[in-house]
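Chemist: Here you go, one structure.
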Amino acid sequence: MWIARVTLVRRCTFQFGGEEKETESGLGQPLNWTDTSIHDCSLDFKNITELFIHRTSFFSCSIGFEVGDILRQVTNSHCQPTADIHFTNNSIGNNSDINLGSVSSRNIFLMGNRLLDQSSINLWNWMGQVHLEVTNNDMERDAKMIISCLMRNMTSISTVLLRNRGGFLDCTFADTDDLVLGSLSHAAILISANLDVQLSVGTDSIRSLQLSLSDNHLESFRYILGTSYEVHTTAQRNRITNYDLKHTFCRSYETTLNHSMEDNDIDHFNYIGCTSRFNVNITNNRFHHTVMAVESESDNHPEAHVIRLEGNQWLEGGNTSALFIGNAVNCVLYIINNDIRGYDSSYGAGEPITLKGDLTRGGINIYNAIGSDVYLSHNRIQNCTAATGAAISIVMKEGTISVEDSEFTHNLASINSGVLSVWGDNRNVTVRGCIMSQNEAPHASITSLGKLQTTTISNNTIHVSKSKSKVDSDHSVVVSDRPISQMNRLFCPPETKLKLDSSTEPYLWLCSPCEDGKYILGAGTLENHKTSNTKCQDCPSYLQCSNGETPKTLPGYWCDRSSTDKTTLVCYDCPSDYCKNWVHNWNDSCTDGRVGVLCGECAKDHTLGFLSSSCIHRDKCHGGLISVILLAPFGYITLLVLLPIGDGSIWKSASFFLQTFPLLVGRGQWNRVKGVVSFVFAPGSNDVSSGMGFCVGDTNYVQREGLLLYIPLATVALFGLACIAVMLWNRYGGRRDNRVEFQQLLMEKEGEEEKEEGEEEETEEKEEKGRSRFSRCSTGLITSCLLVYSGVISICLKLLFCVQVQTENTNSWVLYNAGNITCDGPWRYTVVAISAFVLLPSPFVIILLRKKMKSMNSHTSRDILMVLEGCYRKRCKYWETVYLLRKLLISIIYVLGSYLYWARTAMRVVILTSLSSHLVIQPFGDSMGQALETVCLFSLSLLSVLDTTEQQTGNVLLEIVLVVAPLLFASALMLRKGWTKMKGPIIRKIRQWRGQ
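Structure follows, in structure tokens:
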């Protein structure tokens, strides 16, 4: 026995034993090293009876150990294994090579060794009924352990590869007799709990083989299977980067493979081979990419060749196919309950390929199959891309295919078949109970089926996606050479019609857009054997319809589905500034903050305001601003009480101009000025967005108009109450008699007519100072009525202006300016009464009032007549009635202007007629009043001609001139009038001062 303990050997070259020392069987000596260091040595030991090497360090060594007499063992085939090899807890470093050879070992233990650098252990074993354990070895990445068991005439081998770490481990088990299969009747290989190992296992000429692979974390596992009668392999709970299972060649004898994989996490799994019978079960695994190339060398019934993939996941995605199965001849393929997501194959799953070429095409790619049965059930495939057959591509002949109860979503084929492509002549294809949603392809976005004897496509739910492909699409959904059952649910994308072409081959289902000049609402559908949206509608003049696009609405229109035919659109003129003023989708007409019928309702968290037609966010509302509205009537009262009644021509022309020009000028930069002017001089008569809008709280349209109506009505009511109070004070407070006052003033008037202009002005001043309180409130009441008339009539007309809307959600009369409010509220009766009995008769009531005042001999009646007719010539005292009728017509035209196409023309006609009649009749009594009215009407006439929604720079400048000029002229006349009245008192004061 060679025994070494605690020994250091350096720079040695020895050879122990050898062929020149041949011994009889069983002779020789054992070798036992413990705690030994071997450095820079080359040793070769032969004919060792047993080998025990423990805690030995090898550094830069090349050492060979040969257990048994190889020459005797080879020539005597009936020798029985007697020796053991124990190579444990050793350290091999600095490129050392350890060679362990055995010809008669019973047990071989390679345990707890550490291999550094590029060191290696090479074990070869001849002719032994061997139990081999390779456990707890730690190898650096470049280190390797190679095990070769080449045997003859033995019955079994058991191998355990356990808890090894790193490096490369290669194991080969084979019989060396090429003439006889099955010299080794049984082999069992257990591989478990190995970490970061590159593992390769090869077997050949084994009658019965069992291989178990469990709980490993391997960089790679390669299993080369040679000839065997029966092979059972299992793989459980492993994490493997690359897993290759290869059957090298087939022979005429029967070979049966049973392969099971469960709960593994494998990046790339490749199975390539052929056997007479195979049963492959792959369940609950996680893959990145799987290739299975199978081929049977016999004509067995398909039940003898079964592949079952169930509960697996391919979720990593990438530029590859998820699952490839090639050359499945007479097989049964069960692909059940699997998840596949995000695989992108730019060349397509159905492109002809060979096993020698690229196997990465499509989601599920079954290629070159013959006579097989393919069952796909309860699978989920989404976001896969290929040229053809993005989800599933099958190239097969003489087979049957069944796809049932599966989900296919967002798969994209650049050429053909977003879900299922079947090429070849086959017996039957069944597609049943599947959900297919948002899949795309230029041709056959769902499925394209080749030549078939029979086909069954039923009980599927199909949601077709609108094609985003750059390639022109023929809009086909299903293409088959056999008729397609209508026992399906199909939903085309928006704005496409459904066409079921069953007259000629191939049979087509299409979801196609309308041609130019036509449109379709919604989408074509097939449900319960019934189809809808199968034809397009002609495009009306207020829409723009182009190929495949949502119908566009022209500016100023609001559209919705018809109440009588939901496939057609009905459109209505939209209130000013409610709808977009550019071409827009028919179902997106409202400006920001507006929704509902005719865009007449404010969106959530928005409300109506003042000085703006837009809806304002409620966060910007301030309740305290309502005081502006509540106090406004008192401001008007103060102004009208102090207003000299003798200036009638100026304030009449100026107020009419200020109330009318905002209705005529264009939008845009004028909005702020228009809104403020309209709010001050005619509250509620204009709905433009001024940019200065404010809100006081949650207010609907009727409430807002009611608040605006409060300002003029409260002004008139306060004047009326003031007149009643003054009258009661005069009656019961001892005021002087109005009749005597009137007689005195009448005498003064007769004298004043004979005086010169300076004296007339002095008399007017005296009269002004002598006006009684009752006279002031009476004239203020009449003036306020004349001033607010146009604003009040505009508000009332807008509250009464209703249109009939017949749409899918609304079929009633609604307010034109508030489509969410129907025209059947109780408040309408009050507005109707005011309009019918007060506002409309008002122009003619003035005639009766004038007649009544003339019959009265009082100072107050004289002042009222001064307001109504004081500025007109003797034959034109009726002109105030004309003024009110003109305001009434303009208010009516303005309210109807957004709805009636001829409103602008009517407005121009009214204003031009007013100018013409004014120039011909010349109703004003003084030349300055006549000139101011001429300037105002002329400016309004030009503004009505320029009225357009498309403003140009030149037009805007001209509008500014036309608006400012009358106002400057009116201001000049007022200053002149004021100076004339103030000149006399000032001169008298100066004279009195000089006299003193």
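Under the numbering used here, think of the first position of the sequence shown as 1, with each following residue one higher.
Ideal placement from N, C-alpha and C gives every residue a C-beta, glycine not left out.
Quick caveat: nothing in here was measured; it's all calculated off a predicted structure.
Give the straight-line distance between the Cα atoms of residue 867 and residue 636, rounded to the nearest whole angstrom.
Modeler: Going from the Cα of residue 867 to the Cα of residue 636 covers about 17 Å.
Chemist: Is DSSP giving residue 166 helix, strand or coil here?
Modeler: Of the three classes helix, strand and coil, the one that applies to residue 166 here is coil, per DSSP.
Chemist: Inspect the CB distances between the segment 905-915 and the segment 804-822 and report whether three or more fall short of 8 Å.
Modeler: Result no; under three Cβ-Cβ pairs closer than 8 Å.
Chemist: Taking the alpha-carbon of residue 149 as reference, which of 143, 166, 173 has the nearest alpha-carbon?
Modeler: Of 143, 166, 173, the residue nearest in Cα terms is 173.
Chemist: Could you tell me the boundaries of the beta strand (DSSP E) in which residue 1000 lies?
Modeler: A question about residue 1000 goes unanswered here, because the residues of the chain that appear run from 1 up to 996.
Chemist: List the DSSP bridge partners of residue 777.
Modeler: DSSP output for residue 777 lists no bridge partner at all.
Chemist: What is the rounded straight-line gap between the Cα of residue 489 and the Cα of residue 402?
Modeler: Roughly 19 Å separates the two Cα atoms.
Chemist: Would you say the segment 930-942 touches the segment 955-966, given that touching needs at least three Cβ pairs under 8 Å?
Modeler: Yes, the segment 930-942 is in contact with the segment 955-966.
Chemist: Between the Cα of residue 588 and the Cα atoms of 560, 721, 443, which residue gives the shortest distance?
Modeler: If we check each option's Cα against that of residue 588, 560 comes out closest.
Chemist: Of the residues 100, 142, 133, which one's Cα is nearest the Cα of residue 117?
Modeler: Taking only the C-alpha atoms, the option nearest residue 117 is 142.
Chemist: Measure how close the beta-carbons of residue 99 and residue 119 come, nearest whole angstrom, since I'm counting them as under 8 Å.
Modeler: That belief does not hold up - the Cβ atoms of residue 99 and residue 119 are roughly 12 Å apart, past 8 Å.
Chemist: Would residue 855 be called buried (16 or more neighbouring beta carbons within 10 Å of its own) or exposed?
Modeler: Flag for residue 855 reads exposed.
Chemist: State the Cα-Cα distance for the pair residue 998 and residue 393, rounded to the nearest angstrom.
Modeler: This structure cannot settle anything about residue 998, because the visible part of the chain is limited to 1 through 996.
Chemist: Can you look up residue 834 in the DSSP assignment and give me helix, strand or coil?
Modeler: Residue 834 falls in the helix class under three-state DSSP.
Chemist: Please state whether DSSP places residue 236 in a helix, a strand or coil.
Modeler: Reduced to three states, the DSSP call for residue 236 is strand.
Chemist: In whole angstroms, what is the alpha-carbon distance linking residue 554 and residue 623?
Modeler: Rounded to the nearest angstrom, the two C-alpha atoms are 38 Å apart.
Chemist: Whether or not the segment 582-596 and the segment 831-846 are in contact is what I'm after, with contact meaning three or more pairs of Cβ atoms, one per stretch, closer than 8 Å; do they touch?
Modeler: As far as the Cβ criterion goes, the segment 831-846 does not touch the segment 582-596, which means the pair count is below three.
Chemist: Taking just the CA atoms, how far does residue 970 sit from residue 654?
Modeler: If you take the alpha carbons of residue 654 and residue 970, they lie about 7 Å apart.
Chemist: Taking its Cβ as the centre, do 16 or more other Cβ atoms sit within 10 Å of residue 580, making it buried, or is it exposed?
Modeler: Buried, because 16 or more other Cβ atoms sit within 10 Å of the Cβ of residue 580.
Chemist: By Cβ distance, which residues of its chain are closer than 6 Å to residue 467, with the 5 residues on each side in sequence left out?
Modeler: Contacts found: 440, 473.
Chemist: Could you tell me the boundaries of the beta strand (DSSP E) in which residue 30 lies?
Modeler: Here the beta strand (DSSP E) through residue 30 covers 29-34.
Chemist: Assuming the contact rule is C-beta atoms closer than 8 Å, residue 531 and residue 508 should be a hit. Round their C-beta distance to whole Å, please.
Modeler: The pair is not a contact, with the Cβ atoms about 14 Å apart (cut-off 8 Å).
Chemist: Under 8 Å, with one C-beta from each stretch per pair, do the segment 231-242 and the segment 215-223 reach the 3-pair mark?
Modeler: Flag = yes, the segment 231-242 and the segment 215-223 touch.
Chemist: Assign residue 957 to one of two classes, buried (16 or more other C-beta atoms within 10 Å of its C-beta) or exposed (fewer than that).
Modeler: Exposed: under 16 other Cβ atoms inside 10 Å.
Chemist: Helix, strand or coil: how does DSSP classify residue 525 here?
Modeler: Residue state, collapsed to three classes: strand.
Chemist: Look at the Cβ atom of residue 374, then the Cβ atom of residue 420, and state whether they are nearer than 7 Å.
Modeler: No, the pair does not count as a contact, with Cβ atoms beyond the cut-off.
Chemist: Looking only at its chain, what residues have a beta carbon closer than 8 Å to the beta carbon of residue 999, apart from the 5 residues adjacent to it on each side?
Modeler: Residue numbering for the chain in the displayed model covers 1 to 996; residue 999 lies beyond these limits and cannot be assessed.
Chemist: Once you ignore the five residues that flank residue 377 on each side, which residues in its own chain have a CB closer than 6 Å to its CB?
Modeler: Excluding positions up to five away in sequence, the list reads 336, 404, 405.
Chemist: Is it the case that the Cβ atoms of residue 782 and residue 864 are separated by a distance below 7 Å?
Modeler: Cβ distance < 7 Å, so residue 782 and residue 864 count as in contact.
Chemist: Taking the C-alpha atoms as reference points, what is the distance between residue 697 and residue 961?
Modeler: The straight-line gap from Cα to Cα measures roughly 38 Å.
Chemist: Return the CA-CA distance between residue 195 and residue 164, expressed in angstroms with no decimal places.
Modeler: Their backbone Cα atoms lie some 6 Å apart in a straight line.
Chemist: Roughly how many whole angstroms lie between the Cα atoms of residue 894 and residue 618?
Modeler: Spanning the two alpha carbons is a distance of roughly 29 Å.
Chemist: Output the distance between the C-alpha atoms of residue 449 and residue 820, rounded to the nearest integer angstrom.
Modeler: Each residue's Cα considered, the two are about 53 Å apart.
Chemist: Within its chain, find whatever has a CB closer than 8 Å to the CB of residue 891; leave out the 5 residues flanking it on each side and keep chain order.
Modeler: Contacts found: 685, 790, 793, 794, 797.
Chemist: Please name the residue in 498, 390, 477, 612 whose C-alpha comes closest to that of residue 535.
Modeler: Cα-wise, what sits closest to residue 535 is 498.
Chemist: Once you ignore the five residues that flank residue 540 on each side, which residues in its own chain have a CB closer than 8 Å to its CB?
Modeler: Here the set comprises 569, 571.
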